[in-house]
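Engineer:
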Amino acid sequence: MLLMFCSLNFMQQFQWLQYSIIANIIVRFYDVTINDVNWTSVITFVVLIPIMIPCTWVLEKVGLRNYLIIGALFNFIATVIKCMSVNPTLFWVTLLGQAFNGISVPFIQPLSAQIARTWFPKDKISRATGIGVFSMFIGSMLSSLIPVLLVPNSDNKEEIAIGLSRMFIAQAVFAAIQIICILIYFEEEPPTPPSKAESSAYSVRRSESYFQSMKRVLNINLILILFVYAICGSESNSFLTVLNQMILQHFKKDEKLVGIIGFLANGGSMMSTFVIGLILDKYKCYKQLIFICYSVSCCLFIILAITIHVQSITLLMMVATILGFTINSYPTIIFNFASELTYPEPEGVSSSLCVLTSQILSTIATFVVSRLILYYGVLAANLYYSAMLVFAMILAAFVKSDLRRERTENETEIIDTESDVTSYGTYA
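Residues 605 to 1032 (my numbering) make up the sequence shown, in order.
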């Protein structure tokens, strides 16, 4: 189940960034501006904002399996539309394809925590969530590499068209295979709940309406953590979107370097999902990890700007990798933290709210950072990133570590132990 979800999450994320990473080539092919190319990423954020909350209602009504099938279908439609967009006069078709990819986001991206808690025991939940997030970063990593390799930086538009066609056809075939596999093999839930806390949660969820669940989810701790997630998510999303613009301002006509830096940053992100997942499963130290990762990222953004300015490629690669590790630890930490803060409510609700707030702020941050780079330079953009992370840490300080699921598991274990002792005493 997790593997099928991961492949879908990978595909959705790959499509999101595939234009931005070769922004200079897209500008030339479609005869558009860099701001227009930024819209290929931002439109993903924009289209899901009005549909995210209704989609969480759909999830409660149709169930996990059917919900994921809907996401796979929208993802496939996006790939087909893009196959028809390879013409210099059809940039609007490109945006339409990206819009359908954006519609698929609420049906896919927020489900990591829910699939993990539906199918895995409590000592493996954070790692399973991390693997779901890991697939997202594989998509980002390959979208930093494959478009650069397949689409030539050429003045000949026919050569560019051939490269784009190969990429779009291949991803359409892959998306079709995904739908078939999910239809045949994906199951709604295991025969028995993987933990006693999950079994208790099943009972509560069946007895509540969607609106009751939403009302219970929106406690002050979750509201604060939504903003903490949104700030870091917007920085990660906007950073990857404007990476081409940021690098090429100092490394002229070196789009391959953009691909390498994006690849390394996402490689660091992938490592963080495993490491952070292991730490969380063992220690449950959500707030501590937020402070550590955010504070390190805050410093690294400033170092990154200086590194780009002095044009040290080796140091740039090192900083990008470490920054990818720290800044993109946020989904694994906060998806799990939010589900703890809102237990026994469905994980998909809290995760969807996290993604929604992140996408709203990502839309704003992308244009703010792009303008800062254009008018004030890379350092100004990175100072903005650092300042926002400081603000996120201040908000995180007010979040109480109310680990409801963990407390329920521990109480259940104590009751079971006492029952066993009583039964043994009676038998004796």
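We put the CB at the ideal spot given by N, CA and C, even for glycine.
1) Does the beta-carbon distance from residue 901 to residue 836 come in below 9 angstroms?
2) For residue 991, does the count of other Cβ atoms within 10 angstroms reach 16, so buried, or fall short, so exposed?
3) Report all residues from its chain with a CB closer than 7 angstroms to the CB of residue 891; omit the five preceding and five following residues, and keep chain order.
4) Should residue 755 be labelled buried (16 or more other beta-carbon atoms within 10 Å of its own) or exposed?
5) Tell me the rounded alpha-carbon separation between residue 919 and residue 865.
6) Along the chain, where does the alpha helix (DSSP H) containing residue 913 start, and where does it finish?
7) Using a Cβ-Cβ cut-off of 8 angstroms (strictly less than) and excluding sequence neighbours within five positions of residue 763, which residues of its own chain qualify?
8) Out of 666, 679, 671, point me to the one whose CA is closest to residue 620's CA.
9) Decide if the stretch 974-992 is in contact with the stretch 903-917; the criterion is three or more beta carbon pairs, one per stretch, under 8 angstroms apart.
10) Give the straight-line distance between the Cα atoms of residue 708 and residue 668, rounded to the nearest whole angstrom.
11) Can you say whether residue 832 is buried or exposed, counting buried as having 16 or more other CB atoms within 10 angstroms of its CB?
12) Is the stretch 868-883 touching the stretch 726-735 in the sense that three or more CB pairs, one from each, lie closer than 8 angstroms?
13) Taking the alpha-carbon of residue 828 as reference, which of 945, 719, 888 has the nearest alpha-carbon?
14) Is it buried or exposed, residue 715, if we count other Cβ atoms within 10 angstroms and call 16 or more buried?
15) Considering only the alpha carbon of each residue, which of 964, 856, 956 lies closest to residue 660?
16) Where are the alpha helix (DSSP H) runs, 4 residues long or more, that stay fully inside the stretch 905-973, in chain order?
17) Assess contact between the stretch 839-851 and the stretch 965-983, defined as three or more Cβ pairs (one per stretch) separated by less than 8 angstroms. Is contact present?
18) Cα-Cα, which of 886, 761, 854 is closest to residue 915?
19) Between which two residues does the alpha helix (DSSP H) harbouring residue 867 extend?
20) So, helix, strand or coil for residue 790, using DSSP?
21) Would you mind working out which of 922, 842, 909, 834 sits nearest residue 871, comparing C-alpha positions?
22) The alpha helix (DSSP H) that contains residue 850, what's its start and end?
23) Could you give the DSSP three-state label for residue 622: helix, strand or coil?
24) Would you call the stretch 948-967 in contact with the stretch 649-664, where contact means no fewer than 3 C-beta pairs closer than 8 angstroms?
25) Between residue 1033 and the rest of its own chain, which residues show a CB-CB distance below 7 angstroms, the 5 nearest in sequence each way excluded?
26) Whole angstroms is fine: what's the gap from residue 1104's alpha carbon to residue 606's?
Structural biologist: If we stick to the structure as given:
1) yes
2) Of the residues assessed, residue 991 falls on the exposed side of the cut-off, its CB having fewer than 16 other CB atoms within 10 angstroms.
3) 1000, 1003, 1005
4) buried
5) 11 angstroms
6) 890-914
7) 756
8) 679
9) Using a Cβ-Cβ distance cut-off of 8 angstroms, the stretch 974-992 and the stretch 903-917 are in contact, since at least three pairs of beta carbons, one from each stretch, lie closer than that value.
10) 14 angstroms
11) buried
12) They touch, by the three-pair rule.
13) Ranking 945, 719, 888 by Cα distance to residue 828 puts 945 first.
14) buried
15) 956
16) 917-931, 934-946
17) yes
18) 854
19) 859-887
20) Note: residue 790 maps to coil in three-state DSSP.
21) Closest by C-alpha distance to residue 871, out of 922, 842, 909, 834, is 922.
22) Following the DSSP letters along the chain, one finds residue 850 inside the alpha helix (DSSP H) bounded by residues 847-852.
23) coil
24) Contact holds: three or more Cβ-Cβ distances are below 8 angstroms.
25) Outside the shown range of the chain (605 to 1032) lies residue 1033, about which nothing can therefore be said.
26) In this structure the chain extends from 605 to 1032, so residue 1104 is not present and cannot be described.
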